[in-house]
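**Q** Dropping the structure in here first, questions after.
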Ligand code: BTN
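In our numbering, the protein residues as written are 170 to 495.
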């Protein structure tokens, strides 16, 4: 593990540590500690350096931890987990697993990063991914029956995340079709499913989840939609990111492992309960134009239903964008 990351681990307690004490712990010189901490700025981590006292984190930080995440998993989920990759910086956890999938990584391979340089959002957007503040998590699964067996998976993952948040005491989270999680009407989290493989043959699927946990206002200026995070939504300190990752994986691994057999049906009722736009005025933007109407939920395949002057139309995810009408 890189020296800088090991120093950040030691500083996580929020106390001052002298350069000498840090160096002693890691078997390096005080100068090497100083040098490693100079580069913390590129992560956006602010360090207080006070002569005679040493170094301290300016803001609280909880780093991702393999042992804590693994021990939060039930035995079934531990068995489904093939490998848990944790990175300090990555372009994108989804991209990492899509590449690994092409190199034979197993179903149940999981990747988390403290920061993404090129986090991917839906429809080619970027996902703002500052260091240590939020959760960026992806899971790989192989589907022997091909892409059609993953129909509705992105909606099911939305349910999984909402229920994991509820388990941690974060309530009033709603789902906006196809796979946004909203808190107080603003975006709290998003799901990005990527897949590759033969049309009728085996394929691999990566389910990526980004949750805003404690976003700084500075970084959030890059977000081009109304947003919130767990801290603002719950109006109290957020849950531990390790506990959050564990709670999500505890539901997501069994969901992905069973999905080829179960399909979307077991998640349908729960999705409907969490639907933010049911009976709400909506606008659907499709390549053939705009449809104004009222959301009337989803069907058993996960397609959106909208009632309008001409009757009820169904829309599939990927084809259209949906907005709450003013
Ligand atoms: C959306 O646009 O709502 C989907 C956002 C998905 C972001 C997550 S963060 C972890 C994973 N890796 C990525 O590059 N994207 C997804």
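Here a beta-carbon is modelled for each residue, glycine too, at the ideal position from N, C-alpha and C.
Starting from residue 257, follow the beta strand (DSSP E) in both directions and report where the run begins and ends.
**A** Position 88 of the chain shown holds residue 257. Its beta strand (DSSP E) spans residues 252-259.
**Q** Using CA atoms only, rank isn't needed, just tell me which of 345, 484 and 172 is closest to residue 198.
**A** The residue you call residue 198 lines up with position 29 of the chain shown. The residue with the shortest Cα to Cα distance from residue 198 is 172.
**Q** Kindly indicate which three-state DSSP category residue 399 falls into: helix, strand or coil?
**A** Here residue 399 refers to the residue found at position 230 when the chain shown is read from its first residue. Residue state, collapsed to three classes: helix.
**Q** For residue 391, is the beta carbon positioned less than 7 Å from some heavy atom of ligand 2?
**A** As far as ligands go, the structure on display features ligand 1 and does not contain ligand 2.
**Q** Ligand 1 and residue 399: does the residue's C-beta get closer than 7 Å to at least one heavy atom of that ligand?
**A** Working through the chain shown from its first residue, we reach residue 399 at position 230. No, ligand 1 has no heavy atom inside 7 Å of this Cβ.
**Q** When the Cα atoms are used, what is the spatial distance from residue 289 to residue 204?
**A** If you number the chain shown from 1, residue 289 lands on position 120. If you number the chain shown from 1, residue 204 lands on position 35. C-alpha separation (whole angstroms): 32 Å.
**Q** Between 355, 298, 337 and 374, which lies nearest to residue 406 when the distance is taken from Cα to Cα?
**A** As a first step, residue 406 is located in the chain shown; it is residue number 237 there, counting from the start. Of the candidates 355, 298, 337 and 374, the one whose C-alpha sits nearest the C-alpha of residue 406 is 337.
**Q** Is the beta carbon of residue 481 sitting closer than 8 Å to the one on residue 441?
**A** Residue 481 sits at position 312 when you count from the first residue of the chain shown. Residue 441 sits at position 272 when you count from the first residue of the chain shown. Taking 8 Å as the Cβ cut-off, residue 481 and residue 441 do not qualify as a contacting pair.
**Q** For residue 413, is the beta carbon positioned less than 7 Å from some heavy atom of ligand 1?
**A** Along the chain shown, read from residue 1 onward, the residue named residue 413 stands at position 244. In this structure, residue 413 has its CB at a distance of at least 7 Å from all heavy atoms of ligand 1.
**Q** Under 8 Å by Cβ, that's how I've got residue 284 and residue 265 pegged, so tell me the actual separation to the nearest angstrom.
**A** Counted from its first residue, the chain shown places residue 284 at position 115. Counted from its first residue, the chain shown places residue 265 at position 96. The Cβ separation is near 13 Å, so there is no contact.
**Q** Distance check for residue 398 and residue 433, CA to CA, integer angstroms please.
**A** In the chain shown, residue 433 corresponds to position 264, counting from 1. In the chain shown, residue 398 corresponds to position 229, counting from 1. Rounded to whole angstroms, residue 433 and residue 398 show a C-alpha spacing of 27 Å.
**Q** Is residue 264 close to ligand 1? I mean its beta-carbon at under 7 Å from any heavy atom of the ligand.
**A** Taking the first residue of the chain shown as position 1, residue 264 is located at position 95. It does: the Cβ of residue 264 is within 7 Å (strictly closer) of some heavy atom of ligand 1.
**Q** Got a sec? Which residues, its chain only, sit under 7 Å from residue 489 by beta carbon, not counting five neighbours each side?
**A** As a first step, residue 489 must be located in the chain shown, where it is residue number 320. Excluding residues within five positions, the ones whose Cβ falls inside 7 Å are 453, 454 and 455.
**Q** Which residues share a DSSP beta bridge with residue 310?
**A** In the chain shown, counting from the first residue as 1, residue 310 sits at position 141. The partner list for residue 310 (beta bridge, DSSP) reads 374.
**Q** Would you identify the three-state DSSP class for residue 355, choosing helix, strand or coil?
**A** Walking along the chain shown from the start, residue 355 turns up at place 186. In the structure shown, residue 355 sits in a strand (DSSP, three-state: E or B).
**Q** Report, in whole angstroms, the separation of the C-beta atoms of residue 281 and residue 380, which I expect to be a contact under 8 Å.
**A** Reading the chain shown from its first residue, position 112 is the one you call residue 281. Reading the chain shown from its first residue, position 211 is the one you call residue 380. Their Cβ separation, rounded to whole angstroms, is 11 Å, which puts residue 281 and residue 380 out of contact at 8 Å.
**Q** Over what stretch of residues does the beta strand (DSSP E) that includes residue 484 continue unbroken?
**A** For this step, residue 484 is matched to residue 315 along the chain shown. Note, residue 484: beta strand (DSSP E), 480-484.
**Q** Does ligand 1 have a heavy atom nearer than 7 Å to the CB of residue 360?
**A** Position 191 of the chain shown, counted from the start, is the residue given in the question as residue 360. Because some heavy atom of ligand 1 lies under 7 Å away, the Cβ of residue 360 counts as near it: yes.
**Q** Which ranges would you report for the beta strand (DSSP E) in the region 177-257 if only whole runs of at least 3 residues count?
**A** 216-219 and 223-226
**Q** Does DSSP classify residue 442 as helix, strand or coil?
**A** The sequence position of residue 442 within the chain shown is 273, counting from 1. Residue 442 falls in the helix class under three-state DSSP.
**Q** Alpha carbons only, please: which of 346, 404, 362 and 353 is nearest the one belonging to residue 306?
**A** Reading the chain shown from its first residue, position 137 is the one you call residue 306. Residue 306 has its Cα closest to that of 362, out of 346, 404, 362 and 353.
**Q** Hey, which unbroken runs of the beta strand (DSSP E) at 3 residues or more fall wholly within the region 275-322?
**A** 278-285 and 304-312
**Q** Is the region 347-360 touching the region 385-401 in the sense that three or more CB pairs, one from each, lie closer than 8 Å?
**A** yes
**Q** Tell me, please, whether the region 329-345 touches the region 312-319 by the rule of three or more beta-carbon pairs shorter than 8 Å.
**A** Verdict: no, contact absent.
**Q** If we call anything under 8 Å between Cβ atoms a contact, is residue 259 one with residue 277?
**A** Residue numbering aside, residue 259 sits at position 90 when the chain shown is read from its first letter. Residue numbering aside, residue 277 sits at position 108 when the chain shown is read from its first letter. Cβ distance not < 8 Å, so residue 259 and residue 277 don't count as in contact.
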